[in-house]
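This report concerns only the one structure given below.
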Amino acid sequence: MKHQTAGFPKSQIFGLILSLVMTFGAGFIALKTSLSFGVIMAIIGTLALIQAGLQLFMFMHVSEGEDGKTNIINMLYSLFCAIVIVFGTIWVMTLGTHTH
Amino acid sequence: MSAKVNTALPLEYQTLQNQMNILGFWIFLGAEIVLFATLFGVYGVLGTRFADGPILKDLIVMQDVFIQTVLLLVSSFTCGIAIYEMRRNNVKGLMTWLIITLGLGAGFLFMEIREFLHYIHAGATIQTSAAFSSFFALLGTHGLHVTLGICWAVAIMVQIKKRGLTSDTARKVFIIGLYWHFLDVVWIFIYTFVYLKGAVA
Amino acid sequence: MSNIQWNHILVINDPLLLGAFISMVLSAIGAVALVTYLKRWGWLWREWITTVDHKKIGIMYILTAVLMFFRGGIDGLLMKVQTSRPEMEFLNAQHYNEIFTTHGVIMILFVAMPFLIGIMNVIVPLQIGARDVAFPQLNALSFWLFLSGAVLFNISFVVGGSPDAGWTSYFPLAGKEFSPGIGNNYYAVALQIAGIGTLMSGINFIVTVLKMRTKGMTLMRMPMFTWTSFVTSIIIVAAFPIFTVALALMTLDRLYGTHFFTLSGGGMDMLWANLFWLWGHPEVYIVALPAFGIFSEVISTFSRKTLYGYKTMVYSIVTIAGLSMVVWVHHFYTMGSGPAINSFFSITTMLIAVPTGVKIFNWLFTMRKGRIQFTTAMLWALAFVPNFVIGGVTGVMLAMAAADYQYHNTLFLVAHFHYVLIPGVVFAVFAGLYYWWPKMFGHMLNEKLGKWHFWLFVIGFNVTFMPMFFLGLKGAVRRAYTFSMESGFASLFLVSAIGSIILAAGFAVFCYNIYWSARYADRNISHDPWDARTLEWATTNPVQYYNFATLPEVKKLDAFWEMKKNQDSLALHAKELEEIHMPSNSGLPFFMFVVFTIAGFLLVFEWHLAAAIAAIGIVAGLLIRSFDYDQGYHVHVKEVVETERAWRKVEGEVNTHVS
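Residue numbers (the numbering used here), protein chains in the order written: chain Y, 13 to 112; chain C, 2 to 202; chain B, 5 to 663.
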C-alpha cells in the first residue's frame with residue numbers, strides 16, 4: 013500500500029470506463045440480441061460478477077493493507093455463502109418439486 | 002487498544018484501532034452480502050409469481066433503469082476520487098467529491114422513488130403479489146441502504162468540517178466509501194437479475 | 005390499522021398466568037427495593053450498566069442465561085406434568101402450544117446462546133493475551149440488544165399473549181390468517197433485536213481474534229476454545245443475516261399484508277422453512293462448536309496432556325463450519341423435494357458425522373494414558389462423550405431421507421436433538437462454569453455440591469429423554485398436548501416425567517451451589533487452582549480490569565504450561581510496565597436498550613406511528629455514537645504496580661506445581 017500523493021487517479025477512471033462498458037454491454041446483449049434466455053443470463057451474470065470484482069479491486073482496494081489476504085478470504089467465503097443461499101433456495105423451492 | 006501511530010501508512014490505517022474498525026467493516030460487508038443474497042434468493046423463487054396482478058415486464062421503463070444505473074455507477078467513481086483526494090491530504094477536494102457523490106446518490110433515490118410510485122399507480126404494490134412483495138423488499142432494502150448512507154455521509158462531513166482530516170475522520174470517510182461502493186455492487190446485481198432478466202423473460 | 009384492544013393486552017385471566025404475573029411483579033419490586041435499600045444504584049450504573057469490560061459483559065450474559073434457563077426449565081416441567089398421564093387436563097391445547105414454543109425459543113436463543121457468548125466474552129480475550137475485545141462499546145451494545153430481545157420475548161406471556169406456532173414458527177400457521185393475535189409478532193420482533201446483537205458479537209470476535217493476539221500467539225497456537233469461538237463467530241456472520249431477512253419478511257407478512265409466505269397471492273409457505281433452516285442449521289453449530297472448545301480445554305487440563313491431534317481438531321472444526329451451510333434441507337425432507345435434492349442433503353448431512361467423529365476420538369486419545377482428575381468439570385466432559393454419541397448416532401439415522409419419513413415429527417426426533425443439545429451444550433456450559441468460575445468471581449464452586457448437581461442432572465436427563473426415543477418409534481408425535489389411554493404410551497411418558505423432576509433437582513442444586521459458594525467459598529485461592537495450561541490462568545482471580553500488567557509472550561501451544569515448565573517467573577519488572585490504555589464506560593448501549601425495547605414493543609402491538617417515533621431514538625443513539633470522540637483513559641503505572649502486588653504477594657509458589 014503506497015501513498016498516492018501525486019498524479020492521476022488512473023485505476024478509478026479505468027474502472028469507471030470498464031464498468032460503463034460492461035453495464036451497457038449487458039443491456040445490449042439482453043435487449044438487442046436474440047440469444048436464448050439461458051445464454052443471455054450466463055453472459056450478463058458473468059459480466060455482473062466481473063463488475064463486482066472490478067469495484068472490489070479498483071475502487072475498494074480489497075487487497076491493500078496487512079489485512080488484504082483476510083479481506084479476500086472473507087469476500088470469497090461470502091460469495092460461497094451467497095451462491096449456496098441463492099441457488100440452493102431456488103433449487104430446493106422450485107426445481108425439485110418438478111421431479112415428482 | 003494500542004495508541005501507537007504508524008505514520009508510514011495512509012491516515013486511516015495509522016492506528017491499530019483504525020485497522021480493526023476497517024477490518025470489522027469488511028466483515029460486516031460479508032454479512033451484508035449474505036443479507037442481500039437471501040433477498041435475491043427470495044426474489045429468485047417468488048419473482049415470477051404475479052398471482053393475478055400486473056407483470057413486471059409490462060411496467061419497466063428501461064430508460065429510467067439505465068439512468069439510475071449510470072447515476073449510481075458514476076457516484077461510486079466520484080466516491081473513489083474523494084478517497085483518492087483524501088489520501089493526497091486535499092480536504093477541499095475530498096469534500097467537493099463527496100458532495101458530488103451524495104448529489105448523484107440523491108438523484109438515484111429520486112428516480113427510484115419515482116419508479117416505485119409509477120408501479121404503485123399501475124396497481125403493483127408490495128401487497129399485490131408475491132413477485133412484487135419480493136421486488137419491493139429487495140429494492141426497498143437497497144434504497145434504504147442508500148438513504149442511510151447519505152445521512153451517515155452528511156454526519157461525517159460535519160465532523161470533517163469541525164475537526165479537519167485526522168486519522169479518525171479519515172477512517173470514517175474510508176469506511177463510508179467502502180459502504181458506498183458496496184451499494185453499487187448490489188445495484189449491479191439488481192440491474193442484471195431483476196431488470197435485465199425481467200425484461201428478457 | 006391497529007386492531008388490538010386494550011383489554012386484550014394483559015392476559016392474566018388464568019390462574020397459572022396470574023400467578024406468574026404476580027411473581028414477576030413481586031420479584032421486580034423486590035429487586036428495586038433491595039438495590040435502593042443497599043444504596044447500590046450508583047454502583048450498579050457505574051460498575052455494570054455502563055461497563056464495557058468484556059468480563060463483566062460476559063458475567064451479565066451468563067446471569068441472564070441462568071435466569072432464562074429457569075424460565076425455559078419451568079416450561080419444560082409444565083409440559084412434562086401435562087403429559088405425565090393420559091388425558092391430563094393440567095394445560096389446555098393452547099397453553100401447551102405456547103409453552104413448547106417459548107421453551108424452544110428460550111432454550112436455544114436465550115439460554116444456549118448467552119451462556120456460550122458469555123463464556124466467550126470472559127475467556128477469549130484472556131486466552132489470546134488481549135486487554136479487551138476489538139470494539140468494547142459495541143460489545144456492550146450486543147449484550148443490551150440481546151437483553152432487549154429477551155425482555156420483549158418474556159413479557160409476551162402476560163402482555164399480549166405468547167407466540168404459539170412452535171420455535172420454528174412455520175407458515176401458514178404463523179401467518180396472520182391462522183395466528184391473528186399478538187404472540188407471533190413478539191417472535192418476529194424480539195428475535196430480530198436479539199439477532200442484531202448476536203451478529204455484532206460475531207463481527208467483534210472475528211476481529212478480536214484476528215488482530216488482538218499477543219506476541220507469538222499464532223493462529224495454530226491458539227487454545228481450542230478460542231479456535232471454536234472464532235469459527236463460531238464466522239458462522240454467526242454467515243448465518244444470522246439470513247434470519248434477519250426471514251424475520252423481516254415475516255414481520256412484513258404479518259403487519260403489512262405482503263405475500264412472502266402466505267397461501268394467497270403467490271406466496272410460498274415452505275419458503276419460510278427453507279430460510280429458517282438456512283439459518284437454523286448453522287445455528288446448531290454456532291452453539292455446539294464453542295461447547296466442543298470447552299470440552300477440549302477441560303479434558304486437556306484434567307488429563308494433564310496437550311490436546312491430542314490439535315491440527316486435525318482445527319481442520320475438523322473448519323470442515324464442520326463449511327458443511328453446516330449445506331445441510332439445511334434435512335429438516336424438511338418430508339416437503340418432498342424429490343430424490344435428487346433429498347439424496348444430496350442426506351449425503352452432506354452424513355458427511356458431518358466424519359469430522360465430528362474425529363473430534364470424539366481426539367478427546368478419547370487425549371485422555372488415554374493421561375492422569376485424569378475427576379473434578380466436576382471433568383465429570384461433565386466424561387459424561388458428554390457417551391451421551392453425545394447417542395445423539396450423534398440417532399442423528400445419522402435421521403439423516404437418511406427415506407427413513408426420516410418415518411421419524412419425522414415424532415418424539416424420536418425430540419429425543420435426538422435433546423441428546424445433542426443437552427450433552428453437547430448444557431454439559432459443556434456446566435463444565436465451563438465449574439472450570440472458569442474462579443476466573444470470574446475469585447472463588448471456586450463447591451465440588452461436593454457440584455457432584456450432586458452432576459449426578460442428578462445426568463441421571464435425570466437420561467431418564468427423561470431415553471423413553472422418548474421409544475415413544476417416538478411407537479408413533480408418539482411431538483407437540484401433541486395429550487394422548488389416550490389406549491395408545492399404550494402412558495408408562496413411558498410417566499417415566500419421562502419422573503426423570504424431568506430429577507433433572508430439575510439437579511439444576512436446583514446448581515443454583516444452590518452458586519449461592520453457597522458466593523457466601524462461603526474460600527477466597528484465598530491461587531490464580532491457577534487447576535494447574536491449567538492456557539493464558540487466562542497467567543493472571544489473577546478474579547481478573548483485574550486491565551487483564552494483564554504486561555502482555556505475555558507465547559512460544560508454544562499451551563502457553564501457560566510452557567511458562568510454568570520453563571520456570572518463567574511471573575515476577576514483575578517495574579521497568580517493563582507502561583501506562584495501560586483502556587476504553588471509557590458508556591451509557592449509550594443502555595440507552596439503545598431502552599429505545600429498542602420501546603420501539604419493539606410498540607411495533608409488536610402494531611402501533612406503527614408510535615413505533616416510528618420511538619425509532620427516532622435509535623437514530624439519535626447512532627448519531628451520538630458517530631459524534632463521540634472519546635479516546636478512553638490511561639491507567640498509571642503506580643496503580644498497576646499496586647494492583648499486581650496485591651495478588652502476587654499472596655502466593656509465592658507460582659512455578660512450583662507442574663507435574
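Ideal Cβ placement from N, Cα and C applies to all residues, glycine included.
Asked	Found
CB of residue 195 of chain B within 8 Å of CB of residue 164 of chain B, strictly	no
Contact check, residue 185 of chain B vs residue 229 of chain B, beta carbons under 8 Å	no
Pair within 8 Å by beta-carbon distance, residue 328 of chain B and residue 311 of chain B	no
Check whether residue 618 of chain B and residue 645 of chain B have beta carbons under 8 Å apart	no
Simplified DSSP assignment, three categories, for residue 584 of chain B	strand
Spatial neighbours of residue 68 of chain Y in its chain, beta-carbon cut-off 8 Å, leaving aside the 5 residues before and after	74, 87
Residue burial classification, residue 47 of chain B (beta-carbon count within 10 angstroms, cutoff 16)	exposed
Chain C residues whose Cβ lies nearer than 8 Å to that of residue 272 of chain B	46, 47, 50, 131
Under 7 Å (Cβ pairs) to chain Y, residues found in the stretch 328 to 339 of chain B	329, 330, 333
Contacts around residue 212 of chain B, its chain only, beta-carbon distance under 7 Å, and the 5 residues preceding and following it disregarded	128, 129, 134, 137, 138
Start-to-end residues for the beta strand (DSSP E) that takes in residue 644 of chain B	No beta strand (DSSP E) holds residue 644 of chain B; the alpha helix (DSSP H) holding it covers 641 to 652.
Residues of the stretch 89 to 100 of chain Y with Cβ closer than 9 Å to any Cβ of chain C, in chain order	89, 90, 91, 93, 94, 95, 96, 97, 98, 99, 100
Closest by C-alpha distance to residue 451 of chain B, when choosing among B:521, B:471, B:406, B:482	B:521
Reduced DSSP secondary structure (H/G/I, E/B, other) of residue 43 of chain C	helix
Alpha-carbon spacing of residue 286 of chain B relative to residue 332 of chain B, whole angstroms	8 Å
Between the CA atoms of residue 80 of chain B and residue 167 of chain B - distance to the nearest angstrom	16 Å
Where residue 98 of chain B falls, given that 16 or more other Cβ within 10 Å makes a residue buried	exposed
Within-8 Å CB hit, residue 46 of chain Y to chain C	no
Beta-carbon gap between residue 102 of chain C and residue 70 of chain C smaller than 8 Å	no
Within-8 Å CB hit, residue 278 of chain B to chain Y	yes
Chain B residues whose Cβ lies nearer than 8 Å to that of residue 156 of chain C	627, 630, 631
Continuous alpha helix (DSSP H) stretch holding residue 312 of chain B: start and end	That residue, residue 312 of chain B, is in no alpha helix (DSSP H); it is neither H nor E in DSSP.
Contact with chain C by residue 31 of chain Y, beta-carbon distance below 8 Å	yes
Neighbour flag for residue 6 of chain B against chain C, beta carbons, 8 Å	With a pLDDT of 48 at residue 6 of chain B, under the threshold of 50, the modelled position of this residue cannot be trusted; read the value that follows with caution. It does not: the Cβ of residue 6 of chain B has no partner Cβ on chain C nearer than 8 Å.
When B:390, B:398, B:289 are compared against residue 365 of chain B, the one with the closest alpha-carbon	B:390
Same chain only: Cβ atoms within 8 Å of residue 322 of chain B, ignoring 5 sequence neighbours per side	235
Helix, strand or coil at residue 638 of chain B according to DSSP, with G and I counted as helix	strand
Assigned secondary structure, residue 62 of chain C (DSSP; H/G/I helix, E/B strand, else coil)	coil
Chain-ordered chain B contacts of residue 160 of chain C [CB-CB under 9 Å]	630, 631, 633
Through-space distance from residue 92 of chain C to residue 174 of chain B, alpha-carbon basis	54 Å
Chain B contact residues for residue 105 of chain Y, given Cβ-Cβ distances below 8 Å	272, 274, 275, 278
Where residue 488 of chain B falls, given that 16 or more other Cβ within 10 Å makes a residue buried	exposed
Neighbouring residues, chain B, relative to residue 168 of chain C (Cβ below 7 Å)	Simply none; closest approach about 11 Å.
At least 3 beta-carbon pairs within less than 8 Å: the stretch 140 to 148 of chain C vs the stretch 275 to 285 of chain B	no
Residue 547 of chain B beta carbon less than 8 Å from that of residue 59 of chain B	yes
Cβ-Cβ distance between residue 291 of chain B and residue 429 of chain B below 8 Å	yes
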